[in-house]
Amino acid sequence: MKIVTLLLLCLCATAVVSGGDATETALTAAPGDIALLPCYSAGNVTPTVTTWMKNGREVVRGGEAAPGPPAPAAGQRLTLTRDGSLNINRVTPGDEGTYLCSSTLPGNNTFHARAVLQVASGPDNVSASVGPATALANGTLIVVRGSSVSFNCSGSSYPSQNLTWAFRGASSSNESLASSSGSSLLFTLEEVQPSAQGVYSCSATNPVSNQTVSKSQQLLVYYVPNHHPECVWALAEDPSHVQFSCSWLGAYPEPTLRWGEDEADPAPRWTGHVSAVSESLGVTLNRSLLFDGQTVKCAARHQALGPGKEKSCSFTLKSPYPEGDPLVTALEATSVTLSCSELMSVPTANTTWRRGLQQELIVPGSKYVLTEEPGVFKLTIHNVSKDDEGVYFCRSENPLAVRELEVYLTVKKSATYTGAIIGVFIAVLIVGSAAIVAKTVYSSRHRICLGDGFGPMEDRGDVLSLVESDDEQIFQDTVPRLPPVTNGNHTTLVQIHRIPSSDHEDIETTDTSPQQQEDTVQTEEPADLVTF
């Protein structure tokens, strides 16, 4: 309980002895308090009679010279003090109003005063609630980006208070979000974004007493990227080691990243795990902890995902397996290309070309040209010689294993003159055959097969031998000549011999006696002489 004696407004402080209102006082009291309404305050004089009226009705009267019995004291809650002030004990909301005081001073002078009493309480029990949200140990609330959040402010006050929600964030100093009068104020934010992160304040103000009570709540907006973490690998200087890195940028606050083997692996080798609260996390593993078919996984956990939920990225490791043609043949003084493909390894293998059983690394130059396409590695050897013959290795190595493709190169002598030799042989063969045929024809040029009639030639035919006297000297000894004629010209002897047919040749040869054959020859018709 408290006594309210505060004079909020004084309109006049001059004592009036002739009559009339002299002062006006406004006071505010809360229910249950004691209110003291002053009447004559101009000097140290005790009034002889004091009367207090409210809303035209006398509520209390007293003093040494007060006529008649005093007015009821409203359950003894309203009493007069010695100087004529009205004392109200345990103020209730019904006590508010305008009070008029009339005091009679010694010498029959009067003094009038007015007092306005306002009853106000609160704001009390002011509270601010935000939800759905999760409270941290320090009381800070967290919500997830994209969710809907309700803000409720409530309290009690008489008369009814004014409620206001205000926001103070990174981009706003003190922004009013909503306000109303009543016992509570509720508003909702849909699809909360990171810009909604800040301090929210609920203020309750009594319109009578102007008393204000505020409650503040800090709100954090958690969010994670929509994509999964990104896993990458990098080979270390030692090819038997590899570094796996995982990053998940754009999460607030920083997520918890954890490297480990997939729980589904039947024979895990890497029993330990590496974790940290960070946007990125790397781990280096050696060959002894890795095997073909192993799944290495990076899991990202965040409060915005919810308990037990995570996003992840992983690698399924594979040993290298180079493929290509193991046997290659080349000709001297030409160029040959050895090809090897390796597309299976994870992490990607380092593929090189080597030569000989000692696997000497091939250094590119004018002799050896190395070219590389996605997953295909080529070695081109220019001006191939017998010294280039031998074994070559396409060597692929990643942190899991080393695999090699063995390619054997065979070098043969050049075939530059082979075609020419074959062409010369064929040409000689043709020319020789033609010479033999020509010689045969030339030696038998005096024999021409003719038919013995106008019809087609039969199996038996006649041989016409032509001999010219002056044109061919070589036949003068063999061709019989006739005596010269009187005109001095030579004649040509044309002899027509009948050649037996093949059907009768054997018979005539075997069945005819030499005498018969001679007779046959002698019975032939004499040759005709043709003179040219």
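Residue -16 is where the sequence shown starts when you use my numbering, and the numbers rise one by one after that.
Ideal Cβ positions, reconstructed from N, Cα and C, are used throughout, including at glycine.
All of these numbers come straight from a predicted model, not from anything done at the bench.
Can you tell me the Cα-Cα spacing of residue i and residue j, whole angstroms?
i           : j           : result
residue 334 : residue 218 : 13 Å
residue 201 : residue 152 : 10 Å
residue 186 : residue 170 : 14 Å
residue 133 : residue 112 : 8 Å
residue 415 : residue 312 : 38 Å
residue 28  : residue 163 : 49 Å
residue 289 : residue 262 : 18 Å
residue 80  : residue 100 : 5 Å
residue 268 : residue 256 : 11 Å
residue 343 : residue 337 : 5 Å
residue 70  : residue 26  : 19 Å
residue 282 : residue 126 : 22 Å
residue 98  : residue 193 : 19 Å
residue 371 : residue 351 : 11 Å
residue 477 : residue 412 : Model confidence at residue 477 stands at a pLDDT of 44, short of 50, so the residue's coordinates are unreliable and nothing is read from them.
residue 118 : residue 203 : 10 Å
residue 275 : residue 300 : 6 Å
residue 137 : residue 123 : 20 Å
residue 405 : residue 369 : 25 Å
residue 32  : residue 24  : 15 Å
residue 331 : residue 209 : 28 Å
residue 224 : residue 395 : 43 Å
Count the other CB atoms within 10 Å of the CB of residue i; is the residue buried (16 or more) or exposed (fewer)?
i           : result
residue 285 : buried
residue 325 : buried
residue 580 : There is simply no residue 580 to check, as the chain begins at -16 and stops at 515 in what is shown.
residue 227 : buried
residue 129 : exposed
residue 234 : buried
residue 408 : exposed
residue 308 : exposed
residue 364 : buried
residue 277 : buried
residue 244 : buried
residue 604 : Given a span of -16 to 515 for the chain in the structure shown, any question on residue 604 remains unanswerable.
residue 205 : buried
residue 37  : buried
residue 425 : exposed
residue 189 : buried
residue 345 : buried
residue 340 : exposed
residue 433 : Summary for residue 433: the model assigns pLDDT 44, below 50, so the residue's position carries little reliability; its value from the coordinates is reported in the next sentence. Residue 433 comes out exposed.
Going by DSSP in three states, residue i sits in which element: helix, strand or coil?
i           : result
residue 63  : strand
residue 39  : coil
residue 97  : strand
residue 267 : strand
residue 361 : strand
residue 164 : strand
residue 217 : strand
residue 274 : coil
residue 307 : coil
residue 6   : strand
residue 120 : coil
residue 412 : helix
residue 23  : coil
residue 233 : coil
residue 317 : coil
residue 45  : strand
In terms of DSSP beta bridges, what is residue i paired with?
i           : result
residue 343 : 338
residue 11  : 101
residue 284 : 239
residue 386 : 379
residue 84  : 35, 96
residue 16  : None; residue 16 has no bridge partner.
residue 111 : 136
Closer than 9 Å, CB to CB, is residue i near chain D or not?
i           : result
residue 171 : Structure shown: chain D not included; a single protein chain is present.
Between the Cα of residue i and those of the options, spot the shortest distance and give me the residue it belongs to.
i           : options            : result
residue 166 : 45, 228, 147       : 147
residue 156 : 182, 141, 140, 142 : 182
residue 260 : 277, 237, 278      : 237
residue 73  : 107, 272, 103      : 103
residue 179 : 150, 273, 303      : 150
residue 107 : 31, 78, 158, 139   : 139
residue 380 : 88, 278, 221       : 221
residue 375 : 84, 94, 352, 392   : 392
residue 315 : 78, 158, 366       : 366
residue 20  : 13, 31, 7          : 7
residue 361 : 270, 94, 306       : 306
residue 160 : 176, 184, 59, 154  : 184
residue 172 : 191, 115, 216, 16  : 115
residue 321 : 359, 86, 258, 199  : 359
Please confirm whether any heavy atom of the ligand FAD lies closer than 8 Å to the CB of residue i.
i           : result
residue 387 : For the structure depicted, the ligand FAD is absent and the ligand set is empty, with no information on it obtainable.
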